[in-house]
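See below for the structure under consideration.
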Amino acid sequence: MLRVMLVLDSAKEPSSLKEGLIDVGFDVVETSTTAAALLERVSALRPDVIIIDTDSPTRDTLEQLSFVSRENPRPIVVFTDDRETATIRAALNAGVTAYIVDGMRPERLQPILDVAVARFTQDAALREELKATQDRLAERKVLERAKGILMHQKGVSENDAFRMMRKLAMDRHRKLIEIAQQIIDIADMSA
Numbered sequence: 002m003l004r005v006m007l008v009l010d011s012a013k014e015p016s017s018l019k020e021g022l023i024d025v026g027f028d029v030v031e032t033s034t035t036a037a038a039l040l041e042r043v044s045a046l047r048p049d050v051i052i053i054d055t056d057s058p059t060r061d062t063l064e065q066l067s068f069v070s071r072e073n074p075r076p077i078v079v080f081t082d083d084r085e086t087a088t089i090r091a092a093l094n095a096g097v098t099a100y101i102v103d104g105m106r107p108e109r110l111q112p113i114l115d116v117a118v119a120r121f122t123q124d125a126a127l128r129e130e131l132k133a134t135q136d137r138l139a140e141r142k143v144l145e146r147a148k149g150i151l152m153h154q155k156g157v158s159e160n161d162a163f164r165m166m167r168k169l170a171m172d173r174h175r176k177l178i179e180i181a182q183q184i185i186d187i188a189d190m191s192a
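If you're matching positions, the sequence shown starts at 2 in the working numbering and goes up one per residue.
If you want it as structure tokens, here you go:
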């Protein structure tokens, strides 16, 4: 059962969405009328999904959603009447997973939330893959720079410089990247 945090920032009748969520079988862990301090509430309650019901997402709401997406990411669904392209883009940039215009019908809740969770999971996997690739690239740059320093200082080939770093790492029971960073740090201090 998904745990849902519901933010009702709308002049519309709020009970229908909450009742629809409960009827479909979701656990509504909080119902609020403001997105203020959303990050703190999300950290405390740890909902699986955040649903915002609003006439139009305000700048403050989008800012709060951006904080949540950066610090404590989870699927975010916005139900709204606002069809403006600029608002939709701003919502997506703030981390909104699904932006639903023209209200909510109870029979649509389950598929909307299923898609939002699936998309969030897929996006999270892509972000992790990108971060891992960026980390490997950064490590590669450090290793290449350290090899270059050893090649210059010791007058050895690239293969010999790499073997020297690998031997140091094994002898000291350290990771190769740590040895490479130490070589760079020492070279920077003596420069």
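From the three backbone atoms N, C-alpha and C, an ideal C-beta is built for every residue, glycine too. Only a predicted model underlies this, so the values are computations on that prediction, with no experimental measurement involved.
Cutoff 6 Å; reference residue i; Cβ partners in own chain excluding five residues on either side
| i | result |
| --- | --- |
| residue 54 | 9, 11, 18, 80 |
| residue 33 | 8 |
| residue 68 | 40 |
Other residues of its chain near residue i: CB distance less than 8 Å, five sequence neighbours each side excluded
| i | result |
| --- | --- |
| residue 169 | 175, 180 |
| residue 165 | 151, 155, 157 |
| residue 35 | 8, 10 |
| residue 93 | 100 |
Where residue i falls, given that 16 or more other Cβ within 10 Å makes a residue buried
| i | result |
| --- | --- |
| residue 6 | buried |
| residue 65 | buried |
| residue 119 | exposed |
| residue 102 | exposed |
| residue 184 | buried |
| residue 190 | exposed |
| residue 148 | buried |
| residue 42 | buried |
Own chain residues within Cβ distance below 7 Å of residue i, not counting five before or after
| i | result |
| --- | --- |
| residue 4 | 28, 30, 48, 49 |
| residue 26 | 2 |
| residue 107 | 21, 24, 25 |
Rounded distance between the beta-carbons of residue j and residue i, thought under 8 Å
| i | j | result |
| --- | --- | --- |
| residue 58 | residue 88 | 6 Å |
| residue 63 | residue 45 | Not really, about 21 Å apart at Cβ, beyond 8 Å. |
| residue 124 | residue 82 | Actually they do not touch by this definition, with Cβ atoms about 26 Å apart. |
CB contact below 8 Å: residue i versus chain D
| i | result |
| --- | --- |
| residue 30 | Structure shown: chain D not included; a single protein chain is present. |
Can at least three beta-carbon pairs, one atom from the region 135–144 and one from the region 165–184, be found at a separation below 8 Å?
Yes, since at least three Cβ pairs between the region 135–144 and the region 165–184 fall closer than 8 Å, the two stretches touch.
Could you tell me whether the region 39–55 touches the region 67–79, using the rule of 3 or more Cβ pairs below 8 Å?
A contact exists between the region 39–55 and the region 67–79.
Three Cβ pairs or more, each shorter than 8 Å: is that satisfied between the region 96–116 and the region 150–164?
Too few Cβ pairs lie closer than 8 Å, so no.
List in chain order: all unbroken beta strand (DSSP E) runs of 3+ residues lying wholly within the region 101–158.
Listed in chain order, the beta strand (DSSP E) runs fully inside the region 101–158 amount to none, counting runs of at least 3 residues.
Output the residue ranges of the beta strand (DSSP E) runs that lie fully inside the region 25–108 and measure 3 residues or longer, sorted by chain position.
Runs found: 28–33, 50–55, 77–81, 99–102.
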